[in-house]
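If you read the sequences in order, they're chains P and H.
Residue numbers are given in my numbering: position 12 of the first sequence equals residue 812, and the series is strictly consecutive.
Residue numbers are given in my numbering: position 86 of the second sequence equals residue 121, and the series is strictly consecutive.
All C-beta atoms in this analysis are idealised placements derived from N, C-alpha and C, irrespective of residue type, glycine included.
It should be emphasised that the depicted structure is a prediction, and the values quoted were computed from it without experimental measurement.
Worksheet: the structure to be examined is printed underneath.
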Amino acid sequence: MQTFAYKRPATVAEAVALLDRHGPEAHVLAGGTDLVVGLRDGSRAPGVVIDIKRIAELRLGIVEEGGRVTIGATTTMTELASNALIRRHFPALAEAAAVVGSVQIRNRATIAGNICNASPAADAAPPLLVYDATVVAAGLSGTRRIPIDEFFVESGVTTLARGELVTAIELPVPARRSGAVHVRRTRRRGHDLASVTLCCSVDEAGVTRLAYGSVGPRPVVCVDESGTLADPGAPTEARARILEGMFAGASPSKRSMRAGPEYRLAMLRVLGWRALQVATERLGEARTNG
Amino acid sequence: MAETLPIEFTINGVHRAIDVAVNITLLDLIRDDLRLTGTKECCDVGECGACTVIVDGRTVDSCLMLAVEADGTAILTVEGLAKDGQLSPLQQAFLDKGGAQCGFCTPGQLISAHALLESNPSPTRAEIEEGLAGNLCRCGCYFQIFDAVESVAGGAGK
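Put into structure tokens, the structure is as follows:
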């Protein structure tokens, strides 16, 4: 493998100082499931690799406080998928975490890595958009809170500035009862990147939030507050019109080897309707169960 | 010349303290430096599972982990499954059920199955399939592999 320097900071302050000093030469190592592939094939050529896994401040786990749940940056997909708080308040995020890669990948891949790598196919992205997550980033001049919808730019690019490190993800605990689901389309079951990854939530006030990825340079979130999508009794044409408007943000690449753009757009519609139906059913179950 | 760092870990119960280059993977360390060649190198991108080992109780693709990251961990490789020259019940089940054809994926399959049974001693068939989804078998022995795991699930065969 190519040569690089390796740093293992013990604190966020040390990590941020290193990131600031080395700029684009510095690549962060969290779970390594993307970085190490890039190190080997040469698509990533860092001067210095900064391993953040030993930073205690990032390993705060998953904690609920003051109406929000905070997820430490180096929390793995395995931890997310099995966590009681996440399963109770953000079940679609637990579902998404449970289908990333394989067991081996989920044991290593982190929530911060998933969003910082900014793959359009990142499965955690649609639920984080639906649940209105905030990315907490530490820098030399302090901490910045970035709404997740302002975090993604395009594949591999985020709005993080030089010297900034994601330390946590915050999620507001939903104030209203809701039903949510994550669904995706892959070539094979078990271990594959998504050809379409999608999350939908419907709440008791009639607000529908729908987010999708792998059909454009970045994941997209759309909100319907009219109550029409959330109402199974509303005319199908009216609901279809709103969904079509939501899908207007999709622009799948012609170059991807996983699936052609026509297939992805067709599957986006299928998954969108399916997710809307399941989310609505789950809202009904939440109501029944009080 | 790559930078080296001193690391300590236990592997299959044996404590080791060595200097490793920062730019080699855990897989390189296990196969080339420690000469434990049961763990296989195959896709090198975390898709096939041939290099699966257990680090601190959880399976990882050792091709996707730097050797320096293993500092302070406990590692289990396929060589650590047999005790006193006796195959583990899981290993014996792979033989009995025909779960190994060419054998190349077998160490990774065994390690994933071992970890699955440690965390979930009585997995359903679906849980076995999901638990082993990160381990490809080009001979297509999936049913025999799942049968082998199923035959020792719930402590059967022990």
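- For residue 177 of chain H, the three-state secondary structure derived from DSSP is helix.
- Listed by position along chain H, the residues whose Cβ is nearer than 7 Å to that of residue 912 of chain P form an empty set, because the closest Cβ is around 16 Å away.
- DSSP, read as helix, strand or coil, puts residue 1088 of chain P in helix.
- Taken in chain order, the unbroken stretches of beta strand (DSSP E) that lie wholly in the segment 939-1023 of chain P and span 3 residues or more are 942-947, 952-954, 965-972, 978-985, 996-1003, 1008-1013.
- Along the segment 96-112 of chain H, the positions whose C-beta sits under 8 Å from a C-beta of chain P are 96, 98, 99, 100, 101, 103, 104, read in chain order.
- Here DSSP, grouped into helix, strand and coil, assigns residue 904 of chain P to helix.
- Between residue 837 of chain P and residue 80 of chain H, the gap from beta carbon to beta carbon is short of 7 Å.
- Assignment of alpha helix (DSSP H) within the segment 140-179 of chain H, counting only whole runs of 4 or more residues, yields 141-154, 160-166 in chain order.
- Residue environment analysis places residue 75 of chain H among the buried positions, since at least 16 neighbouring C-beta atoms fall within 10 angstroms of its C-beta.
- Rounded to whole angstroms, the gap between the alpha carbons of residue 42 of chain H and residue 51 of chain H is 8 Å.
- Annotated three-state conformation of residue 821 of chain P is helix, per DSSP.
- Across the set H:146, H:98, H:167, the C-alpha of H:98 shows the shortest separation from the C-alpha of residue 66 of chain H.
- Residue environment analysis places residue 1089 of chain P among the exposed positions, since fewer than 16 neighbouring C-beta atoms fall within 10 angstroms of its C-beta.
- Leaving aside the five residues that flank residue 136 of chain H on each side, the residues in its chain whose CB is nearer than 7 Å to its CB run, in chain order, 174, 176.
- When CB distances to chain P are screened at a threshold of 9 Å, the residues of the segment 148-171 of chain H falling below it are 150, 151, 164, 165, 166, 167, 168, 169, 170, 171, in chain order.
- Boundaries of the alpha helix (DSSP H) harbouring residue 1047 of chain P: 1036-1047, taken from the DSSP string.
- Counting the other Cβ atoms within 10 Å of the Cβ of residue 976 of chain P gives fewer than 16, which makes it exposed.
- Boundaries around residue 124 of chain H are those of the alpha helix (DSSP H), 124-132, since no beta strand (DSSP E) includes it.
- Relative to the Cα of residue 830 of chain P, the nearest Cα in the group P:886, P:1035, P:1029, P:854 belongs to P:854.
- Residue P:849 holds the alpha-carbon nearest to the alpha-carbon of residue 808 of chain P among P:849, P:832, P:823, P:824.
- Ranked by how close their Cα comes to the Cα of residue 145 of chain H, the residues H:184, H:104, H:68 have H:184 in first place.
- Residues of chain P whose Cβ lies closer than 9 Å to the Cβ of residue 40 of chain H are, in chain order, 806, 808.
- A check of alpha carbon separations from residue 1073 of chain P across P:1000, P:1035, P:890, P:970 identifies P:1000 as the nearest.
- In terms of CA proximity to residue 73 of chain H, H:88 leads the group H:88, H:103, H:83, H:167.
- For residue 1007 of chain P, the closest of P:940, P:1083, P:851 by C-alpha to C-alpha distance is P:1083.
- At a cut-off of 7 Å, the C-beta of residue 80 of chain H has a neighbouring C-beta in chain P.
- A Cβ of chain H is located within less than 7 Å of the beta carbon of residue 836 of chain P.
- Relative to the Cα of residue 957 of chain P, the nearest Cα in the group P:861, P:1018, P:863 belongs to P:1018.
- Counted as a single uninterrupted DSSP element, the stretch harbouring residue 838 of chain P is not any beta strand (DSSP E) but the alpha helix (DSSP H) occupying residues 835-841.
- Of the residues P:922, P:996, P:1087, the one whose Cα lies closest to the Cα of residue 1066 of chain P is P:996.
- Counting the other Cβ atoms within 10 Å of the Cβ of residue 907 of chain P gives 16 or more, which makes it buried.
- Taking a Cβ-Cβ cut-off of 8 Å, residue 46 of chain H has no neighbours in chain P, whose nearest Cβ is about 18 Å from it.
- Residues of the same chain with a CB within less than 8 Å of the CB of residue 188 of chain H, apart from the 5 flanking positions on each side, are 152, 156, 157, 158, 163 in chain order.
- When H:64, H:69, H:84 are compared, the shortest CA-CA separation from residue 833 of chain P is found for H:84.
- Boundaries of the beta strand (DSSP E) harbouring residue 850 of chain P: 848-851, taken from the DSSP string.
- Within the DSSP bridge table, the entry for residue 54 of chain H names H:41 as partners.
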